[in-house]
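Below is one structure; the comments refer to it alone.
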Amino acid sequence: MIPRYSRPEMAAIWTDENKMATWLKVEIAVCEAWHEHGLIPAEALKEIKEKAAFDVVRVLEIEKETRHDVIAFLTNVGEYVGEPAKYIHYGMTSSDMLDTGLALQMKQAADILLFDLRHLLGVLKKRAFEHRDTVMIGRSHGIHAEPITFGLKLAVWCFETARNIERLEHAKKSISVGQISGAVGTYAMVPPEIEENACHRLGLDPAPASTQVIQRDRHAEFMAALAIIASSIEQFSVEIRHLQRTEVLEAEEAFKKGQKGSSAMPHKRNPIISERMAGQARVIRANSVVALENMALWHERDISHSSAERVILPDSTILLDYMLFKFAELMDNLMVYPERMKENLWSSYGLVFSQSVLLKLVDSGLSREEAYATVQASAMKAWEEKTSFKELLEKDATVSKSLTQEELDSCFDERNYLQNIGAVFERLERL
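The opening position of the sequence shown corresponds to residue -5 in my numbering, with each subsequent residue numbered one higher.
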């Protein structure tokens, strides 16, 4: 991922230095398991653990000749260890080290993303309670529907974020799997006890069955979880973009002193972070498709998945880490305009209270069909003539005969629509 969208802690996971460090952890864990199994003498293991090291530059130099990264790595480690290096990688195939090491990297990345998600949930929850009673218009199909509160909108985002935490936790468990099962998964040169012992030392579960590689449905699940999370952030961001439109302007991204919105138009205050989120989500979704394509490997393994994973796993985790951080920052500083929300709610001539009038007429004894036709006639006229919906209802003979003025007035009280949202916030309190 380009430096512009990389944060140091996540980016560090995908460096050659950290990748090879995980490889070394795997090799040493297997050596420790072989020692307990009786193969490696105590003195040899001690020497391996004390001397085992690598130099990234040297590994890359060797790889130019071998054209095989694992052999290059093992050769370099052997240069440090000396004679006991003969025990390193004993009975293993390259993917035993590569896939198990990759699992460690993915676990590290998942832990950062889970931290990010929990932080975002905290920010959203705080803002949701802050605006629990901030009344605004709810919209369906982009058209005014009925009153809601901004806090209720954010509560919906909170629960979606909580589900994303659960998704990622499950995906993390799926990829927290190692294998030390040999060239085609038969344990021909290494007994299953070595795999179990080594994986336990590494904090991984042993794969119940594998080929030359860990099956890629696990990695596809992980990438799908990242894509869903990115899509949630995009959904939230698109809402911010709509609310910041000049004609709406119910909320907007904070605009810092010295910030500029356009090289040509000095007045511009654009939702640039929200727009950035939308673009970045597309990248992660596209990468998840690559992970699905990686599942169909030939027989016990081919290498078609490897080159793709070297791109999609670092790029997607680094980018999502950035997205979660930036969106939490956006929401923490989001500027909310309750008065503008109120203005917009009433800008459609009171039409948003039509259901309340409809049900009140039904309660008075009218059939639903007659009540609907009565309310719709006044509603369409109010819209076309840009006049008060309530005043038209007051002049309607059917309404006047069916409802008192007090009953009609009560239909236009926004509190009627919000009387039960407390239940949602009770659930949110427990989240």
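Ideal Cβ positions, reconstructed from N, Cα and C, are used throughout, including at glycine.
Check, Outcome
"Would you identify the three-state DSSP class for residue 176, choosing helix, strand or coil?", "coil"
"With which residues is residue 221 paired in a DSSP beta bridge?", "Note: residue 221 sits in no beta bridge, so no partner."
"For a minimum of 4 consecutive residues, which ranges assigned as the alpha helix (DSSP H) are wholly contained in the stretch 238 to 310?", "266 to 287"
"Report the rounded CA-to-CA distance for residue 337 versus residue 93, giving the unit in angstroms.", "58 Å"
"So which of 246, 293, 43 has the shortest CA-CA distance to residue 78?", "43"
"Can you tell me the Cα-Cα spacing of residue 307 and residue 349, whole angstroms?", "50 Å"
"Applying the 10 Å Cβ sphere with the 16-neighbour rule, what's the burial state of residue 280?", "exposed"
"With DSSP as the reference, label residue 140 as helix, strand or coil.", "strand"
"Taking all protein chains shown into account, decide if residue 305 is buried (16 or more other Cβ within 10 angstroms of its Cβ) or exposed.", "exposed"
"With burial defined as no fewer than 16 other Cβ atoms inside 10 Å of the residue's Cβ, what is the status of residue 293: buried or exposed?", "exposed"
"Near residue 181, which residues of its chain fall below 6 Å by C-beta distance, leaving aside the five closest residues on each side in sequence?", "175"
"Can you determine whether any heavy atom of the ligand FAD sits closer than 7 Å to the C-beta of residue 417, and answer yes or no?", "The ligand FAD is absent from the structure shown, which contains no ligands of any kind."
"Quick one: is residue 200 buried, meaning 16 or more other Cβ sit within 10 Å of its Cβ, or exposed?", "buried"
"Are the stretch 309 to 326 and the stretch 109 to 119 touching by the rule of at least three beta carbon pairs closer than 8 Å?", "yes"
"Relative to the alpha-carbon of residue 6, which residue among 103, 166, 69 has its alpha-carbon at the smallest distance?", "103"
"Are there 16 or more other CB atoms within 10 angstroms of the CB of residue 303, so buried, or fewer, so exposed?", "buried"
"Between the alpha carbons of residue 187 and residue 17, how many angstroms are there, rounded?", "20 Å"
"Since residue 122 and residue 170 are thought to touch, with beta carbons under 8 Å apart, how far apart are those beta carbons, to the nearest angstrom?", "Contact flag wrong, Cβ pair sits at about 32 Å."
"For the alpha helix (DSSP H) holding residue 65, just list the boundary residues, first then last.", "63 to 75"
"Considering only DSSP beta bridges, list what residue 358 is partnered with.", "DSSP, once it has assigned bridges, lists no residue as partnering residue 358."
"Helix, strand or coil, according to DSSP, for residue 430 in the structure here?", "In the structure as shown, the chain begins at -5 and stops at 425. Residue 430 is therefore absent and cannot be evaluated."
"What is the DSSP secondary structure of residue 372, counted as helix, strand or coil?", "helix"
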